[in-house]
Amino acid sequence: RFAGPLAEVGDFAGVVRMARNDMGRVRAVLEEPPLPEPERSAAVAVPGAVEVDGVRFGYPGRGGSGEVVLDGVSFTVAPRTVTALVGASGSGKTTLTRLIARFFDVDAGTVRVGGVDVRDQSTAALMEQLSL
(Lines of atoms letter the chains of each structure in order from A and count residues from 1; the text may use other names and numbers.)
(Lines give C-alpha, C1' and ligand atoms only; values in the text may rest on other atoms or scores of the structure.)
Protein backbone atom coordinates (compact mmCIF):
# COMPACT_ATOMS: atom_id res chain seq x y z
CA ARG A 1 0.00 0.00 0.00
CA PHE A 2 2.87 2.36 0.64
CA ALA A 3 4.89 1.57 -2.47
CA GLY A 4 2.51 3.28 -4.92
CA PRO A 5 2.27 6.64 -3.12
CA LEU A 6 6.01 6.65 -2.37
CA ALA A 7 6.80 6.05 -6.03
CA GLU A 8 4.47 8.91 -6.97
CA VAL A 9 6.25 11.25 -4.53
CA GLY A 10 9.59 10.28 -6.06
CA ASP A 11 8.27 10.90 -9.57
CA PHE A 12 6.84 14.25 -8.51
CA ALA A 13 10.18 15.32 -7.01
CA GLY A 14 11.85 14.61 -10.36
CA VAL A 15 9.25 16.65 -12.21
CA VAL A 16 9.74 19.58 -9.82
CA ARG A 17 13.52 19.41 -10.29
CA MET A 18 13.15 19.48 -14.10
CA ALA A 19 10.65 22.36 -13.89
CA ARG A 20 13.08 24.36 -11.74
CA ASN A 21 15.81 23.90 -14.36
CA ASP A 22 13.42 24.90 -17.15
CA MET A 23 12.34 28.01 -15.24
CA GLY A 24 15.99 28.99 -14.83
CA ARG A 25 16.42 28.92 -18.60
CA VAL A 26 13.20 30.92 -19.12
CA ARG A 27 14.34 33.47 -16.53
CA ALA A 28 17.70 33.86 -18.31
CA VAL A 29 15.91 34.65 -21.59
CA LEU A 30 13.55 37.13 -19.93
CA GLU A 31 16.45 38.90 -18.21
CA GLU A 32 18.32 39.45 -21.50
CA PRO A 33 18.40 43.17 -22.31
CA PRO A 34 16.53 44.01 -25.52
CA LEU A 35 18.53 44.93 -28.60
CA PRO A 36 18.56 48.65 -29.36
CA GLU A 37 15.78 49.90 -31.64
CA PRO A 38 16.63 52.41 -34.39
CA GLU A 39 15.34 55.93 -33.79
CA ARG A 40 13.65 55.73 -37.16
CA SER A 41 12.98 52.56 -39.11
CA ALA A 42 14.42 52.62 -42.64
CA ALA A 43 12.13 52.22 -45.66
CA VAL A 44 12.12 48.65 -46.90
CA ALA A 45 11.39 47.22 -50.34
CA VAL A 46 8.37 44.94 -49.96
CA PRO A 47 8.47 42.12 -50.75
CA GLY A 48 12.18 41.98 -50.17
CA ALA A 49 14.87 39.35 -50.33
CA VAL A 50 16.68 38.07 -47.26
CA GLU A 51 20.42 38.58 -47.69
CA VAL A 52 23.05 37.15 -45.38
CA ASP A 53 26.44 38.58 -46.29
CA GLY A 54 29.71 37.45 -44.71
CA VAL A 55 28.11 36.75 -41.33
CA ARG A 56 30.21 35.80 -38.34
CA PHE A 57 28.55 35.03 -35.01
CA GLY A 58 29.31 33.47 -31.65
CA TYR A 59 26.83 33.14 -28.82
CA PRO A 60 27.76 35.32 -25.86
CA GLY A 61 29.57 33.30 -23.24
CA ARG A 62 30.96 33.93 -19.82
CA GLY A 63 33.39 36.80 -19.96
CA GLY A 64 31.68 38.29 -23.01
CA SER A 65 33.09 36.06 -25.73
CA GLY A 66 31.60 32.89 -27.08
CA GLU A 67 32.66 30.18 -29.46
CA VAL A 68 32.19 31.20 -33.11
CA VAL A 69 29.37 29.12 -34.61
CA LEU A 70 29.05 30.87 -37.99
CA ASP A 71 31.91 32.36 -39.97
CA GLY A 72 31.74 33.87 -43.47
CA VAL A 73 28.18 32.72 -44.20
CA SER A 74 26.55 34.30 -47.27
CA PHE A 75 23.35 33.51 -49.17
CA THR A 76 20.24 35.18 -50.58
CA VAL A 77 16.63 34.04 -50.31
CA ALA A 78 14.31 35.48 -52.96
CA PRO A 79 11.06 37.05 -51.76
CA ARG A 80 7.91 34.94 -51.62
CA THR A 81 9.78 31.65 -51.73
CA VAL A 82 10.03 28.77 -49.31
CA THR A 83 13.57 27.88 -48.33
CA ALA A 84 14.73 24.97 -46.19
CA LEU A 85 17.89 25.19 -44.11
CA VAL A 86 19.28 21.67 -44.06
CA GLY A 87 22.27 20.42 -42.12
CA ALA A 88 23.51 18.32 -39.27
CA SER A 89 22.58 19.03 -35.69
CA GLY A 90 24.63 21.98 -34.44
CA SER A 91 25.50 23.28 -37.92
CA GLY A 92 23.86 26.70 -37.39
CA LYS A 93 20.38 26.42 -38.91
CA THR A 94 18.54 27.78 -35.89
CA THR A 95 21.24 30.39 -35.31
CA LEU A 96 20.73 31.71 -38.85
CA THR A 97 16.99 32.08 -38.35
CA ARG A 98 17.60 33.86 -35.04
CA LEU A 99 19.97 36.30 -36.73
CA ILE A 100 17.52 36.98 -39.57
CA ALA A 101 14.81 37.71 -36.99
CA ARG A 102 17.37 39.78 -35.04
CA PHE A 103 17.13 37.89 -31.80
CA PHE A 104 20.89 38.55 -31.76
CA ASP A 105 23.15 40.94 -33.66
CA VAL A 106 25.90 39.56 -35.89
CA ASP A 107 29.53 39.97 -34.83
CA ALA A 108 30.57 40.75 -38.41
CA GLY A 109 28.86 40.94 -41.78
CA THR A 110 25.31 41.99 -42.52
CA VAL A 111 21.80 40.56 -42.48
CA ARG A 112 19.42 42.50 -44.73
CA VAL A 113 15.70 42.11 -45.33
CA GLY A 114 14.26 44.11 -48.19
CA GLY A 115 17.69 45.60 -48.85
CA VAL A 116 17.92 47.15 -45.37
CA ASP A 117 20.13 45.97 -42.51
CA VAL A 118 17.93 44.38 -39.83
CA ARG A 119 19.63 46.63 -37.25
CA ASP A 120 18.12 49.64 -39.05
CA GLN A 121 14.56 48.29 -38.87
CA SER A 122 12.20 48.34 -35.93
CA THR A 123 11.27 44.96 -34.53
CA ALA A 124 7.65 45.46 -35.65
CA ALA A 125 8.66 46.34 -39.23
CA LEU A 126 11.02 43.37 -39.43
CA MET A 127 8.47 40.88 -38.08
CA GLU A 128 5.89 42.07 -40.64
CA GLN A 129 8.19 40.81 -43.39
CA LEU A 130 9.24 37.43 -42.03
CA SER A 131 7.64 34.04 -41.74
CA LEU A 132 10.01 31.68 -39.98
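Residue numbering for the sequence shown follows the numbering used here, starting at 242 and increasing by one per position. Beta carbons: idealized from backbone N, C-alpha and C, even for Gly.
Where residue i sits in the DSSP three-state scheme
{"i": "T324", "result": "coil"}
{"i": "V359", "result": "helix"}
{"i": "E369", "result": "helix"}
{"i": "R339", "result": "helix"}
Unbroken alpha helix (DSSP H) run spanning residue i, endpoints
{"i": "G251", "result": "244-271"}
Burial state of residue i, where buried means 16 or more other Cβ atoms lie within 10 Å
{"i": "V352", "result": "buried"}
{"i": "G355", "result": "buried"}
{"i": "V250", "result": "exposed"}
{"i": "V293", "result": "buried"}
{"i": "V336", "result": "Inspection of the sequence shows that residue 336 is occupied by Thr rather than by Val. Buried, by the Cβ-count rule."}
{"i": "L276", "result": "exposed"}
{"i": "L367", "result": "buried"}
Opening and closing residue of the beta strand (DSSP E) in which residue i lies
{"i": "L311", "result": "309-318"}
{"i": "G295", "result": "291-299"}
{"i": "G350", "result": "349-354"}
Whole-number beta carbon distance between residue j and residue i, since they are thought to touch under 8 Å
{"i": "R297", "j": "D348", "result": "5 Å"}
{"i": "V310", "j": "Y300", "result": "6 Å"}
{"i": "Q370", "j": "V318", "result": "Actually they are not in contact, since the Cβ atoms of Q370 and V318 sit about 12 Å apart, beyond 8 Å."}
Residue i at chain D interface by Cβ criterion, 9 Å
{"i": "L340", "result": "Looking for chain D here will not work: only one protein chain is present."}
Does the region 328-337 come close enough to the region 273-286 that 3 or more CB-CB pairs lie under 8 Å?
-> no
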